[in-house]
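In my numbering, the protein residues as written are 8 to 409.
For each residue, glycine too, the CB sits at the ideal point set by N, CA and C.
Report on one structure; see the data block that follows.
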Ligand code: NCD
């Protein structure tokens, strides 16, 4: 007697290895999925090969189709016939793409499967961005407002481009410094904007926590484009995608995050993300730029670059964020470069194939030597910019759906 169980929710493939997929039924989008770019299919295939025995080709293909079908926005929930090795097969409704968040305020509250889903979708947008016609309709008819209370070039441009490529109506608000004087001003601004019925609000603010506060006051999805020294989730996601593409995986890597950790929201978001994906994270910098609570973050700490970079797979450099410093944290920039600036000699302590990253803007001769930044064999700084647009497209697409 065959027992059939219907379940709504997601099936964690990785954590339930005693199940394997026999066949996908009612995957009404196989036709559309097959026309997706080869690189995407290859990536999914490699992922599936890790979790399923090599012989199960048909099964792997079904899983890949299932994922691709979702990317094509054909379906969110796919009925799946699952054969349990212990006995009875059953039908499970598998939400292939699991991204439940309503806002993207930080990495701290994202689950590893949500991060993976977002990166998988970003992979397809990276493909789209390489084609001649870089246009999709995921946000067609939706309104995106970018509110940057802090100067930004690349992040704002990246969000604007991402929204336009997805067909949204994008508006950039120039927020003057004077509007920051009172806490109420931010909320008042938010309420005014809310009355205009935006669907996505992209916010950068110099105060940690300001973006979460704003998210409580509006009815639309809010994306944090950097709040004070708190979080910068899309930067960590684009860094993760860059690492996954360069290294072929996003787990069991040694990642050295170097420089001004104390004032960096990029560092905080990356520590959350890389830790959730089971990597070894090492913070490297002078004690004056190391947050007092870093010892509780489950990371290694080094105050010498040569020790900190030893056997690293990834070297992530950070800018000295002077706009957030209230005093002198280093004797001089020259001295800082000598001890903590990334040059060929210090980099030689990392693995020979280690990649070099920087979120930008970069200060050559302060935290990084120009020749290292431009070394096409080591530096993936330009790739980070490319991945930024794809990740932001994926994030806004998912929030637009939710
Ligand atoms: C980062 C930021 O704003 O936090 N830059 C960015 O998003 N492009 C890092 C930095 O400013 O150093």
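Start-to-end residues for the beta strand (DSSP E) that takes in residue 245: Per DSSP, residue 245 belongs to no beta strand (DSSP E); it is in the alpha helix (DSSP H), 240-254.
Euclidean distance between Cα positions of residue 131 and residue 333: The straight-line gap from Cα to Cα measures roughly 43 Å.
Take residue 270 as the anchor and find which of 255, 301 and 385 has the nearest alpha-carbon. Out of 255, 301 and 385, 301 has the C-alpha closest to the C-alpha of residue 270.
Please classify residue 23 as buried or exposed, where buried requires at least 16 neighbouring CB atoms within 10 angstroms. Low confidence applies here, because residue 23 scores a pLDDT of 34, under 50, leaving its location unreliable; read the following figure in that light. Under this definition residue 23 is an exposed residue.
What's the C-alpha gap between residue 349 and residue 249? Between residue 349 and residue 249, the C-alpha separation is close to 20 Å.
Return the chain-ordered ranges of every alpha helix (DSSP H) run that is complete within the segment 257-323 and spans a minimum of 4 residues. Within the segment 257-323, complete alpha helix (DSSP H) segments of at least 4 residues are found at 272-283 and 312-316, given in chain order.
The beta strand (DSSP E) with residue 349 in it runs from where to where? If you look at residue 349, you'll find it isn't in any beta strand (DSSP E); DSSP assigns it neither H nor E.
Among 198, 304 and 397, whose alpha-carbon lies nearest the alpha-carbon of residue 138? Closest by alpha carbon: 397.
Counted within 10 angstroms of its Cβ, other Cβ atoms place residue 259 as buried (16 or more) or exposed: Answer is exposed; the Cβ neighbour count stays below 16.
Following the continuous beta strand (DSSP E) through residue 231, name the residue where it begins and the one where it ends. From DSSP, the beta strand (DSSP E) with residue 231 extends over 228-234.
Of all the beta strand (DSSP E) runs that stay within the bounds of the segment 121-154, which reach a length of 3 or more residues? Considered as a whole, the segment 121-154 harbours no complete run of any beta strand (DSSP E) with no fewer than 3 residues.
At a threshold of 7 Å, does residue 162 count as lining the ligand NCD (C-beta to nearest heavy atom)? At least one heavy atom of the ligand NCD is nearer than 7 Å to the Cβ of residue 162, so yes.
Terminal residues of the beta strand (DSSP E) in which residue 176 lies: Run containing residue 176: 176-181, per the beta strand (DSSP E) assignment.
How far does the alpha helix (DSSP H) with residue 161 in it reach, from first residue to last? Bounds of the alpha helix (DSSP H) holding residue 161 are 161-172.
From the DSSP output, read off the bridge partner residues of residue 208. According to DSSP, residue pairing for residue 208 in a beta bridge involves 152 and 229.
Name the two residues that bound the continuous alpha helix (DSSP H) containing residue 403. Where residue 403 is concerned, the enclosing alpha helix (DSSP H) stretches over 388-408.
Put residue 371 into one of helix, strand or coil per three-state DSSP. In the three-state reduction of the DSSP assignment, residue 371 falls in the strand class.
Can you determine whether any heavy atom of the ligand NCD sits closer than 7 Å to the C-beta of residue 204, and answer yes or no? Not so, every heavy atom of the ligand NCD lies at least 7 Å from the Cβ.
Over what stretch of residues does the beta strand (DSSP E) that includes residue 379 continue unbroken? Looking at the DSSP string, residue 379 is not in any beta strand (DSSP E); the run it does join, the alpha helix (DSSP H), is 377-380.
Whose CA, out of 355, 407, 268 and 229, lies closest to the CA of residue 307? Nearest to residue 307 by alpha-carbon distance, out of 355, 407, 268 and 229, is 268.
Exposure label - residue 355; buried when at least 16 CB within 10 Å: The residue in question, residue 355, is exposed, as its Cβ has fewer than 16 Cβ neighbours within 10 Å.
In this structure, does DSSP put residue 383 in helix, strand or coil? The three-state secondary structure of residue 383, taken from DSSP, is coil.
Going by the beta-carbon positions, is the gap between residue 391 and residue 246 smaller than 8 Å? Using a Cβ distance threshold of 8 Å, residue 391 and residue 246 count as a contacting pair.
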